[in-house]
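Here is the structure we will look at, set down as structure tokens.
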Amino acid sequence: MSPELQERAFCTLCGKVDDFRHILTECESPGQNTIWSLAGEIWGLKNSTTPWMFLSLGDILGCGLI
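According to UniProt numbering, the residues represented by the sequence shown are 1 to 66, in order.
Below, the structure written as structure tokens:
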């Protein structure tokens, strides 16, 4: 693995392995919190009978199948 890829393998914010699960559901970066808060607000505008809840990586990857 190149030095550049090795450097990018870990989150610069918290030092954990920077994989999809970390990026989408675990990282505490300010941008991620903002995105998920906005997604919850949009969900509320939908007038859904299902309340907004935490999404797992499987939910996120499978959302196109719904």
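The beta carbon of each residue, even a glycine, is placed where N, CA and C say it ideally should be.
Item to complete: Measure from the alpha carbon of L57 to the alpha carbon of each residue in C27, L45, K46, W43, then state which is nearest.
Response: C27
Worksheet item: Between the segment 27-43 and the segment 5-18, do three or more beta carbon pairs fall short of 8 Å?
Response: yes
Worksheet entry | Distance between P3 and I66 (C-alpha atoms, nearest Å) | 40 Å
Practice prompt. Kindly provide the ranges of any alpha helix (DSSP H) runs that are 4 or more residues long and lie completely inside the segment 26-62, ordered along the chain.
Written response: 30-45, 57-62
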